[in-house]
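Visitor:
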Amino acid sequence: MTQTLENKSVLLVISGGIAAYKSLELIRLIKKAGGAVRCILTKGGEQFVTPLSVSALCEEEAYTDLWSLKDETEMGHIQLTRDADMIVIAPASANLIAQMANGLAQDLASTALLASDKPAIIAPAMNVRMWENPATQANIAKLQEYGHTIIGPSEGDMACGEYGMGRMLEPEEIFAALTSAPQKKTENAAKPLAGKTALVTSGPTFEAIDPVRFIGNRSSGKQGHAIATALQQAGANVTLITGPVSISDPAGVKTVHIETAQEMLKACEDSLPADIAVCAAAVSDWAPKQHEQKIKKRGDASPPHIELNENPDILKTISNHKNRPSVVVGFAAETENLEDNAKAKLTRKGCDMILANLVAQEGAEVFGQDKGHIYCVTAASVDNWQPMSKSAIAKKLTDTIISSLDETETIKSAAE
Ligand code: C5P
């Protein structure tokens, strides 16, 4: 994987969206890393950034018109993608995504992309309803199937005043995806986890006290869902087992919805054998002894006691299962003695890797936030990943899992 973009040429397609202004910063980052950038602006893109500002930053003309004679004589639309080592679309509007997914060639951007046989990195940006629309989700799934990489969107306040999934990733995150992108379109480079199966747990569990009350927690499922997406984008066949969350099911991932720890355990065991397991769910440690009828207030009598039974430890069960996956990853939230505590948890659970969140520091993982500060702890090492977005954590974990599987396979074949 390249850390710089020295001598690489990047084709950046900017389509219509308020996030287009962030792409100017992306151009700057690519140039700073030694890459050359050539830009195509759609008509929508031109409404948000001008060809002049784009070409000033790229230090070459910004391409906008399919029918420009000059462009066709000096730089044909086919040549635009042919010349590029990498293609990135940021922001990718719902419209451009739909055109790509359906093979339409209506303007310079869609025509150039249709004439390309290279995988593109696509950073969607749109209103949350547009993103959640089944038509967009089906288009996204198709693009992934065609070998493109979808990064983001993330959740947050939108320019239209709504809140939700649809914000384009930050320029630094798109840049990180570019520098870690496979450079050649070979089956294995583009999909290093092709043929592997993965199970991921995510979100909270809800444990019923009576028919209307439950014990739960504030887990948003963002981290687990991002991991399912990253593994799927790397080519794995992913089953996501999630407790109740308000975010959408990731595109292209088989998602099983459960409520209780017992149901989560059963769904996990049903998904074995698998090559990879990542337990990111915040599983309730206890379940109340359930009451069949709603518990009533009892006048002046003292409040009822809730009797608790211990829940199964899913991570531990998977780690010690007869069909144990080759790589088992757990999470931990630590406020102190991170290394010792995480190592002790690694041994106690029997897993291969613990992603320990440092919760005492600013910017560290807190339920529902978009960023986390992870230390990746294995029996052999402790690696400080520095604070980064949950999708960047998911991508880094996926890369770590790929290396770990490669090592296991090398050791196995050496022993044979
Ligand atoms: O024991 P603790 O809850 O701190 O461990 C956290 C890790 O164990 C997380 O990966 C979580 O998903 C997993 N876990 C589990 N089943 C439980 C409790 C935790 O899989 N009952």
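Numbers given in this note's numbering equal positions in the sequence shown, counted from 1, plus 12.
Beta carbons are placed, not taken as given, at the ideal position from N, Cα and C, and that holds for glycine.
Bear in mind the structure is a predicted one, so any value in this text is a computation, not a measurement.
Per DSSP, what kind of secondary structure is F187 in: helix, strand or coil?
Guide: For the purposes of this step, residue 187 is taken as residue 175 along the sequence shown, with counting starting at 1. Note: F187 maps to helix in three-state DSSP.
Visitor: To the nearest angstrom, how far is the alpha carbon of M170 from that of M142?
Guide: The residue given as residue 170 occupies position 158 in the sequence shown. The residue given as residue 142 occupies position 130 in the sequence shown. Rounded to the nearest angstrom, the two C-alpha atoms are 12 Å apart.
Visitor: Rounded to whole angstroms, what is the Cα-Cα separation between E275 and D119?
Guide: Counted from its first residue, the sequence shown places residue 275 at position 263. Counted from its first residue, the sequence shown places residue 119 at position 107. Roughly 50 Å separates the two Cα atoms.
Visitor: Grab the span of the beta strand (DSSP E) containing L320 for me, first residue to last.
Guide: For this step, residue 320 is matched to residue 308 along the sequence shown. Taken as a continuous stretch (DSSP letters only), the beta strand (DSSP E) holding L320 covers L320 to E322.
Visitor: Measuring only the C-alpha atoms, how far is S416 from G342?
Guide: Counting from one through the sequence shown, the residue named residue 416 turns up at place 404. Counting from one through the sequence shown, the residue named residue 342 turns up at place 330. In a straight line, the C-alpha of S416 is about 15 Å away from that of G342.
Visitor: Sorry if obvious, but does the Cβ on V295 come closer than 7 Å to a heavy atom of the ligand C5P?
Guide: Sequence index remark: in the sequence shown, residue 295 carries index 283 (1-based). Checking every heavy atom of the ligand C5P against the Cβ of V295, one is found closer than 7 Å.
Visitor: Any chance the stretch 349-359 sits against the stretch 301-308, with 3 or more Cβ pairs inside 8 Å?
Guide: They do not touch, by the three-pair rule.
Visitor: Under the criterion of a Cβ to heavy atom distance below 7 Å, does L327 qualify as lining the ligand C5P?
Guide: Indexing the sequence shown from 1 puts residue 327 at position 315. True, at least one ligand heavy atom lies under 7 Å from that Cβ.
Visitor: Per DSSP, what kind of secondary structure is P316 in: helix, strand or coil?
Guide: Here residue 316 corresponds to residue number 304 of the sequence shown, with the count starting at 1. It is coil, neither helix nor strand.
Visitor: Taking the C-alpha atoms as reference points, what is the distance between A251 and T213?
Guide: By 1-based counting over the sequence shown, the position of residue 251 is 239. By 1-based counting over the sequence shown, the position of residue 213 is 201. The displayed chain sequence assigns Thr, not Ala, to residue 251. Those two C-alpha atoms are separated by around 9 Å.
Visitor: Would you say F343 touches the ligand C5P, meaning its beta carbon is less than 7 Å from a heavy atom?
Guide: By 1-based counting over the sequence shown, the position of residue 343 is 331. Yes, the ligand C5P has a heavy atom inside 7 Å of this Cβ.
Visitor: Kindly provide the ranges of any beta strand (DSSP E) runs that are 3 or more residues long and lie completely inside the stretch 41-112, ordered along the chain.
Guide: Segments of the beta strand (DSSP E) lying fully in the stretch 41-112: 48-53 and 98-104.
Visitor: May I ask you to report which of helix, strand or coil DSSP gives C363?
Guide: Position 351 of the sequence shown, counting from 1, holds the residue named residue 363. Of the three classes helix, strand and coil, the one that applies to C363 here is coil, per DSSP.
Visitor: How many Å lie between T148 and S105 at the Cα?
Guide: Numbered from 1 along the sequence shown, position 136 holds the residue referred to as residue 148. Numbered from 1 along the sequence shown, position 93 holds the residue referred to as residue 105. C-alpha separation (whole angstroms): 10 Å.
Visitor: In the DSSP assignment, what are the bridge partners of A299?
Guide: Counting from one through the sequence shown, the residue named residue 299 turns up at place 287. In DSSP, A299 forms a bridge with N321.
Visitor: Helix, strand or coil: which one does DSSP assign to L120?
Guide: Taking the sequence shown and counting its residues from 1, the one referred to as residue 120 is at position 108. The answer is helix: DSSP assigns L120 an H, G or I state.
Visitor: Restricting to runs no shorter than 4 residues, where is the alpha helix (DSSP H) found entirely within the stretch 220-301?
Guide: Segments of the alpha helix (DSSP H) lying fully in the stretch 220-301: 234-245 and 273-283.
Visitor: State the DSSP-derived secondary structure class of D382, mapped to helix, strand or coil.
Guide: Along the sequence shown, one-based indexing puts residue 382 at 370. In this structure, D382 counts as coil in the three-state DSSP scheme.
Visitor: Could you please give me the residues that DSSP links to Y158 through a beta bridge?
Guide: What you label residue 158 is simply residue 146 of the sequence shown in a count that begins at 1. Its beta-bridge partners do not exist; DSSP assigns none.
Visitor: Mind checking L277: buried by the 16 CB within 10 Å criterion, or exposed?
Guide: The residue you call residue 277 lines up with position 265 of the sequence shown. Under this definition L277 is a buried residue.
Visitor: Assuming A96 and S35 form a contact by the criterion Cβ under 8 Å, report the distance between their Cβ atoms to the nearest whole angstrom.
Guide: For the purposes of this step, residue 96 is taken as residue 84 along the sequence shown, with counting starting at 1. For the purposes of this step, residue 35 is taken as residue 23 along the sequence shown, with counting starting at 1. Actually they do not touch by this definition, with Cβ atoms about 16 Å apart.
Visitor: Is L370 helix, strand or coil by DSSP?
Guide: If you number the sequence shown from 1, residue 370 lands on position 358. Here L370 sits in strand by DSSP.
Visitor: Restricting to Cα atoms, I'd like to know which of K234, E18, I288 and S283 is closest to P262.
Guide: To locate residue 262, count along the sequence shown from 1; it is residue 250. Taking only the C-alpha atoms, the option nearest P262 is K234.
Visitor: Can you tell me whether S401 is helix, strand or coil according to DSSP?
Guide: Sequence index remark: in the sequence shown, residue 401 carries index 389 (1-based). Reduced to three states, the DSSP call for S401 is strand.
Visitor: Count the other C-beta atoms from every protein chain shown that fall within 10 angstroms of the C-beta of A206, then say buried if there are 16 or more, exposed otherwise.
Guide: Indexing the sequence shown from 1 puts residue 206 at position 194. It counts as exposed.
Visitor: Between V268 and the rest of its own chain, which residues show a CB-CB distance below 6 Å, the 5 nearest in sequence each way excluded?
Guide: In the sequence shown, residue 268 corresponds to position 256, counting from 1. The answer, listed in chain order, is I253 and A279.
Visitor: Starting from E346, follow the alpha helix (DSSP H) in both directions and report where the run begins and ends.
Guide: Looking up residue 346 in the sequence shown gives position 334. Here E346 belongs to no alpha helix (DSSP H); instead the beta strand (DSSP E) covers V339 to E346.
Visitor: With distance defined between alpha-carbon atoms, name the residue in E184, A427, A189 and L69 nearest to A242.
Guide: Mapped onto the sequence shown, residue 242 falls at position 230. Ranking E184, A427, A189 and L69 by Cα distance to A242 puts A189 first.
Visitor: If you draw a straight line from the C-alpha of I26 to the C-alpha of A210, how long is it?
Guide: Within the sequence shown, numbered from 1, the residue matching residue 26 stands at position 14. Within the sequence shown, numbered from 1, the residue matching residue 210 stands at position 198. Whole-angstrom Cα-Cα distance: 34 Å.
Visitor: I need the straight-line Cα distance from E174 to P256, nearest angstrom please.
Guide: Along the sequence shown, read from residue 1 onward, the residue named residue 174 stands at position 162. Along the sequence shown, read from residue 1 onward, the residue named residue 256 stands at position 244. About 22 Å.
Visitor: Select from E219, Q244 and I134 the residue whose C-alpha is nearest the C-alpha of A299.
Guide: Along the sequence shown, read from residue 1 onward, the residue named residue 299 stands at position 287. With distances taken between Cα atoms, A299 lies closest to E219.
Visitor: Excluding sequence positions up to five away, which residues of its chain have a Cβ less than 7 Å from the Cβ of L452?
Guide: With the chain covering only 13 through 428, there is no way to say anything about residue 452.
Visitor: Is the beta carbon of L126 closer than 8 Å to that of A117?
Guide: To locate residue 117, count along the sequence shown from 1; it is residue 105. To locate residue 126, count along the sequence shown from 1; it is residue 114. Yes. Within cutoff.
Visitor: For the alpha helix (DSSP H) holding E144, just list the boundary residues, first then last.
Guide: The residue you call residue 144 lines up with position 132 of the sequence shown. Note, E144: alpha helix (DSSP H), V140 to E144.
Visitor: Measure from the alpha carbon of P216 to the alpha carbon of each residue in N229, V224, R225 and D222, then state which is nearest.
Guide: Numbered from its first residue, the sequence shown carries residue 216 at position 204. Minimum Cα distance to P216 is reached at N229.
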